[in-house]
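Read through the structure below, which is laid out as structure tokens, and then see the notes.
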Amino acid sequence: MTHSPLFQRDREWHPPAYSHDYKTSVARAPRYALLSLENTISDLSGPRFGQTDIGALDNDLLRNYAKDGDPIGERILLHGRVLDENQRPVPNTLVEIWQANAGGRYRHKKDTYLAPVDPNFGGCGRTLTDDQGHYVFRTVKPGAYPWRNWVNNWRPAHIHVSVFGPSFAQRLITQLYFEGDPLIDKCPIVKTIPDPRARDQLIAALDLNATVPLDAIAYRFDIVLRGRRSTFFENRPEGN
Amino acid sequence: MPQALPYLKETASQTAGPYVHIGLAPGDAGFDIYDQELGRDITGPNAKGDAITITGQVFDGTGATVKDILIEIWQANADGIYPGEGPVEEGFRGWGRVIPDFDSGTFSFRTVKPGQSAPDSAPHLNVWLVARGINIGLSTRLYFSDEPGANAQDPVLAMIEQTQRRDTLVATLTGDGHYRFDIRLQGDNETVFFDI
């Protein structure tokens, strides 16, 4: 398969590695400049996933860890599309999510927050986009929780999202937030992103048209991966 | 005003956070949820070529081990073919996830040594790192110390102006099929990371 090269990643749109108010980044941020490379087959190729990789309940967080009932919390549908910067859908790509439960507690052996673990909630899901790039999850809305950055920092309710795309250089992990949450603008992790428009793009919109009446409220979150250049009038050297 | 260009902007990255394992490796978070976790086996059962084991640690700018790192590997098979780009062995995915031991921070994984994926390109693994405190995933490559001839021809290594920094991308053969590869996020001998 031949792939066109990707658009240059806009490093002024993404958060820089070093953000002094997100303290953990200070010792984990490279100090030297990144080495800019043209795309090669190593970057334009990427892993493929299929329906045999995932289970039938994997996108239903209300059920995929339920032991004796539904998890506690506000039932939500989270749906949207994975597109590229050319506005083309990204079909058959793996989308993985993870989140805290409705009380703001993660099912992780390293999380010691005093809010209780929910016996019926695992907190992760995965799915493949359909041929138009659509995905959907059912879950509970996660709670806000405190974290040690300053003594009094609270993460806004958020869901972590991991996406692949056809090329490994499109690999992306981000977090989505929820429309109307007053904690978003106070969060040092959100504010690692310098451009307010890029922050707004991480806020899932309340989508009343997609709610299931008397059952679950819906939020819509579209994800955009790097686009691909057209290669008109270009001679591409062999082995590129 | 000129016409508006019809492009979208890429969704901005956010840190994978301390609990990345819940989503991408729940067994390491301490619970069992999926029938199969993805990325546990890079090569599948039928891979040709030399079986290798790579062991290492990731260090922060203070020299401390980064124990909550998650590493993804993407590689060609022993013939230098990436899955999806040509025929590979049945079950060869070429992609995997590597999580260090939470106490020691040491990671270790098995795979096969890749072939050359392009005429001048030395055998290498593509490496992508995410963790708490990493705002956008870091890309680098792992080359092999027992390929000095191919490494000397490699156009990516040749791009590294400070020649002594090239060694940060070369895993050291320590024994039969065993390599050591440490990654330094910051500080002395900082690993070369790419904007690809």
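Protein chains in written order, with this note's numbering: chain A, 452 to 691; chain B, 1224 to 1419.
Ideal Cβ placement from N, Cα and C applies to all residues, glycine included.
Could you tell me whether any Cβ in chain A is nearer than 7 angstroms to the Cβ of residue i?
i         : result
Thr1266/B : no
Gly1233/B : In the sequence as displayed, the identity of residue 1233/B is Glu instead of Gly. Closer than 7 angstroms to some Cβ of chain A, the Cβ of Glu1233/B qualifies, so yes.
Val1415/B : yes
Glu1308/B : yes
Leu1245/B : The displayed chain sequence assigns Ile, not Leu, to residue 1245/B. Yes, its Cβ sits closer than 7 angstroms to a Cβ of chain A.
Val1353/B : yes
Gly1328/B : no
Gly1284/B : yes
Leu1408/B : yes
Ile1419/B : yes
Pro1337/B : no
Glu1370/B : no
Gly1272/B : no
Tyr1402/B : no
Ile1322/B : no
Using a Cβ-Cβ distance under 7 angstroms, would residue i count as near chain B?
i        : result
Leu486/A : yes
Pro647/A : no
Arg680/A : no
His559/A : yes
Ala478/A : yes
Tyr596/A : no
Phe629/A : no
Ile527/A : no
Gly690/A : Low confidence applies here, because Gly690/A scores a pLDDT of 43, under 50, leaving its location unreliable and the question unanswered by this model.
Thr590/A : no
Cys638/A : no
Asp472/A : no
Pro522/A : no
Asp494/A : yes
Ile414/A : Examination of residue 414/A is not possible in this model, given that chain A is present from 452 through 691 alone.
Gln538/A : yes
Trp464/A : yes
Trp549/A : yes
Gly501/A : no
Val675/A : yes
Going by DSSP, which residues form a beta bridge with residue i?
i         : result
Phe629/A  : Ala655/A
Glu1436/B : The structure shown does not extend to residue 1436/B, since chain B is modelled only from 1224 through 1419, so no value can be given for it.
Pro540/A  : Leu534/A
Cys575/A  : Trp549/A
Ala667/A  : Val663/A
Asn604/A  : Trp598/A
Leu486/A  : Phe1417/B
Gly1398/B : His1401/B
Ala1274/B : Val1335/B
Thr1288/B : Phe1282/B
Val1393/B : Tyr1366/B
Asp511/A  : Arg589/A
Arg526/A  : Val591/A
Arg679/A  : Leu457/A
By the 10 Å Cβ neighbour count, where 16 or more other Cβ atoms means buried, how is residue i classified, buried or exposed?
i         : result
Phe619/A  : buried
Tyr483/A  : exposed
Leu565/A  : exposed
Lys1336/B : buried
Glu421/A  : Past the boundaries of the shown model lies residue 421/A; chain A is included only from 452 to 691, so the question cannot be answered.
Trp1351/B : buried
Trp601/A  : exposed
Glu689/A  : With a pLDDT of 47 at Glu689/A, under the threshold of 50, the modelled position of this residue cannot be trusted; read the value that follows with caution. When all chains shown are included, Glu689/A counts as exposed.
His611/A  : buried
Ala1287/B : exposed
Phe615/A  : buried
Thr590/A  : buried
His609/A  : buried
Asp1343/B : exposed
Gln1280/B : buried
Gly1246/B : buried
Asn1269/B : exposed
Identify the continuous alpha helix (DSSP H) that holds residue i and give its terminal residues.
i         : result
Ser493/A  : 492-495
Val1243/B : 1243-1247
Gly1372/B : 1371-1376
Would you mind reading off the limits of the beta strand (DSSP E) that contains residue i?
i         : result
Leu1365/B : 1361-1367
Leu676/A  : 674-676
Val568/A  : Where Val568/A is concerned, there is no enclosing beta strand (DSSP E), given that its DSSP letter is neither H nor E.
Val612/A  : 609-614
Val587/A  : 585-591
* **Three-pair Cβ contact test at 8 angstroms for the region 1345-1358 of chain B versus the region 1233-1244 of chain B** => yes
* Asked: For the 8 angstroms Cβ check, are there 3 or more pairs between the region 1398-1415 of chain B and the region 1271-1279 of chain B?
  -> yes
* Is the region 589-599 of chain A touching the region 534-541 of chain A in the sense that three or more CB pairs, one from each, lie closer than 8 angstroms? -> no
* Specify whether the region 1362-1378 of chain B and the region 1253-1260 of chain B touch according to this definition: at least 3 beta carbon pairs, one from each stretch, less than 8 angstroms apart. => no
* Contact the region 461-480 of chain A vs the region 1225-1236 of chain B: 3+ CB pairs below 8 angstroms -> The region 461-480 of chain A is in contact with the region 1225-1236 of chain B.
* Touch test, the region 506-513 of chain A against the region 570-579 of chain A, Cβ-Cβ under 8 angstroms, three pairs minimum -> yes
* **Given 8 angstroms, three or more beta-carbon pairs between the region 1322-1332 of chain B and the region 1292-1304 of chain B** => yes
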